[in-house]
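In what follows, a structure is listed as C-alpha cells, so that the remarks can point back to it.
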Amino acid sequence: QVQLVESGGGLVQPGGSLRLSCAASGTTDNMNTIQWYRQAPGKQREWVASITSPTVNIWYADFVKGRFTISRDSAKNTVYLQMTSLKPDDTAVYYCHAPARAIWGQGTQVTVSS
Numbered sequence: 009q010v011q012l013v014e015s016g017g018g019l020v021q022p023g024g025s026l027r028l029s030c031a032a033s034g035t036t037d038n039m040n041t042i043q044w045y046r047q048a049p050g051k052q053r054e055w056v057a058s059i060t061s062p063t064v065n066i067w068y069a070d071f072v073k074g075r076f077t078i079s080r081d082s083a084k085n086t087v088y089l090q091m092t093s094l095k096p097d098d099t100a101v102y103y104c105h106a107p108a109r110a111i112w113g114q115g116t117q118v119t120v121s122s
C-alpha cells in the first residue's frame, strides 16, 4: 500500500522560506505525476504545482510563480516544494497528491505570520 507523507511545515515570518517534502512509501508504480495543493481555513483546496517524471515537466499556479519551486528526487521517492518570499496569504495546510493513484497525504501546516 502506498502512502504519501508530507513534512517541513511550520511558522515563518513574512518574506521567509520553507521547504516541504512529500515522501512516497510502498508500491510507487504509476506515480509519475505528483502535485501540491493547499487549503486555507474556510477556502477550497487549490492546486499549487505539478511535476512529472521521468521526463520532467513542471507547472505552477500563477500566485506562486517566481516564489515556489517544485522538484523531485526519484531515487528517494520524494518531491519537494521550496517556498520563498512567503506571504500571510500562503498560510494553509499543504498536501501532496498522486492523481493517477487518487492518493493524498495527510498535509502539513504552513503559517506565515509576524
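Count along the sequence shown from 1, add 8, and you get the number used in this note's numbering. Glycine included, each C-beta is placed from N, C-alpha and C at the ideal position. Please read these numbers as outputs of a predicted model, since none were measured by experiment.
Shortest Cα-Cα distance from lysine 51 to any of Asp97, Arg109, Ser122 and Val120 involves Asp97. In the three-state scheme derived from DSSP, where H, G and I count as helix and E and B as strand, valine 10 is classed as coil. Residue state for serine 79 is assigned as strand, using DSSP reduced to three classes. Judged by pairs of C-beta atoms under 8 angstroms, the stretch 107-120 touches the stretch 31-40, as three or more such pairs exist.
Spatial neighbours of glycine 24 in its own chain (CB-CB distance under 6 angstroms, excluding positions within 5 residues in sequence) are listed in chain order as Leu94.
Within the same chain, Cβ atoms closer than 7 angstroms to the Cβ of tryptophan 55 are found at Gln43, Tyr45 and Ala69, the five residues on either side in sequence being excluded.
Nearest C-alpha to phenylalanine 71 among Met91, Val10 and Thr119: Met91. Threonine 116 places its beta carbon 9 angstroms or farther from that of leucine 19.
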